[in-house]
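Residues 1 to 236 in the working numbering are what the sequence shown spells out, letter by letter.
Cβ atoms here follow ideal geometry from the backbone N, Cα and C, with glycine treated the same way.
These notes are about the structure you will find just below.
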Amino acid sequence: MGREKVFRFKQFAVINDRTAMKVGTDGVLLGAWCPVEGMRRVLDVGTGCGVIALMVAQRNQDAVISAIDIDAAAIEEATLNFANSPWGERLTAALTDFNAMTDGECYDLIVSNPPYFNNGVLPTGDARTIARHTRSLTYRQLIEGAARLLSENGALALITPTDAESEIVEAATFASLPVRRVTRVVAIEGAPPKRLLWQLSRRNIAYHEDSLTIAHSDGSFTDEYIALTSAFYLKM
């Protein structure tokens, strides 16, 4: 792979050199946490280098995954990463705007690590900020689009900052796509949660809420975080 920046997991590696968004904790959390059992058709919205799609492919050997992004460099990188993985025949990447997708598509799982800078001035020329700004895809657009594209018992899984909680709940209610599961993510024990993992679905299942702490105060990973991510990280 030459001098390209490569992030290696246990069963695959991703070139993460050209895309604005790099492999990070948010994406790995979502890829390890999202529901995959029985999910045959999966859509990864804003795939970047494709890491979440690859994690889903590893976890569910029956899943066929479509990955989309509005960044051509991201699609080029994801396509290469998919081809280099053990599951290339089940993964495709396309330059597609989620807002332009038609109701004819139907997915069992839609997963997204969406943009999260909802307010403020967007600096010009900053590709990473552009990739992370809700100007291109708001939470409401994501949830309403998912409500159109999901199968009857399908689910939307996403990760957001905690300050987006009321916006997600309001959008889910408006779209008639109820929140079924929430995990509050704490970076260091004793600190307030910084991220929320969400599962929205019309499937009539009981609401469940829990928490996940990533690290102890001494910086060592918690048992629960190791259990969630050990199938992926090399040093877990």
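inquiry  = On a Cα-Cα basis, can you pick out the residue from Asn-113, Leu-142, Met-39, Ser-151 that is closest to Arg-202?
reply    = With distances taken between Cα atoms, Arg-202 lies closest to Ser-151.
message = Let me check understanding here. Comparing Cα to Cα, which of Ile-168, Gly-27, Ile-70 lies closest to Asn-99?
response = Nearest option by C-alpha distance: Ile-70.
query = What does Gly-209 pair with, by DSSP beta-bridge criteria?
reply = It should be pointed out that residue 209 corresponds to Glu in this sequence rather than to Gly. According to DSSP, Glu-209 bridges with Val-182.
key: Buried or exposed by the 16-neighbour rule on C-beta atoms within 10 Å, applied to Pro-192   = So Pro-192 ends up on the exposed side.
ask   = Among residues of its own chain, excluding the 5 on either side of Thr-222, which ones have a beta-carbon nearer than 7 angstroms to its beta-carbon?
value = A distance below 7 angstroms between beta-carbons, with the five flanking residues on each side excluded, links Thr-222 to the following residues of its chain, in chain order: Thr-213, Ile-214, Ala-215, His-216.
inquiry  = So, at 7 angstroms on beta carbons, what are the nonlocal neighbours of Asp-210 in its own chain, with the 5 sequence-adjacent residues on each side left out?
reply    = Sequence-distant partners of Asp-210 (beyond 5 residues in either direction) whose C-beta falls short of 7 angstroms from its own C-beta, in its chain, are Thr-183.
query = Is the Cβ-Cβ distance between Phe-7 and Leu-54 less than 8 angstroms?
reply = In this structure, Phe-7 lies away from Leu-54, with their beta-carbon atoms at least 8 angstroms apart.
message = Going by DSSP in three states, Ala-131 sits in which element: helix, strand or coil?
response = Note that Ala-131 has pLDDT 46, beneath the 50 cutoff, so the model's placement of it is unreliable and the number below is only indicative. Of the three classes helix, strand and coil, the one that applies to Ala-131 here is helix, per DSSP.
ask   = When you compare each of Gly-48, Pro-161, Pro-114 to Thr-92 by their alpha carbons, which one comes out closest?
value = Nearest C-alpha to Thr-92: Gly-48.
key: Any 3 or more C-beta pairs closer than 8 angstroms across the stretch 31-41 and the stretch 78-86   = With a cut-off of 8 angstroms, the stretch 78-86 and the stretch 31-41 do not count as touching, because too few Cβ pairs lie within range.
query = Mapping DSSP to helix, strand and coil, what is Asn-113?
reply = DSSP places Asn-113 outside both helix and strand once states are collapsed to three, so it counts as coil.
message = According to DSSP, Leu-66 sits in a beta bridge with which residue or residues?
response = First, the residue type needs correcting, since residue 66 is Ser and not Leu in the sequence shown. Beta bridge pairing from DSSP links Ser-66 with Leu-43, Thr-92.
query = So what does Ile-159 bridge to, in DSSP terms?
reply = Leu-197, per the DSSP bridge assignment.
ask   = Who does Ile-188 pair with in a DSSP beta bridge?
value = Answer is Ala-215, bridged to Ile-188.
ask   = Can the beta-carbon of Ala-171 be found less than 8 angstroms from the beta-carbon of Leu-156?
value = Result no, Cβ atoms of Ala-171 and Leu-156 do not sit closer than 8 angstroms.
query = Leaving out the 5 sequence neighbours to the left and right, which residues in its chain are closer than 7 angstroms to Ala-237 when beta-carbon positions are compared?
reply = There is simply no residue 237 to check, as the chain begins at 1 and stops at 236 in what is shown.
ask   = Taking buried to mean at least 16 other C-beta atoms within 10 Å of its own C-beta, is Ile-226 buried or exposed?
value = Exposed, since its Cβ has fewer than 16 Cβ neighbours within 10 Å.
ask   = How many angstroms separate the CA atom of Gly-88 from the CA atom of Ser-66?
value = If I take the Cα positions, the gap works out to 11 angstroms.
inquiry  = Per the DSSP calculation, Phe-221 is bridged to which residue(s)?
reply    = Partner residues in the beta bridge of Phe-221, as assigned by DSSP, are Ala-215.
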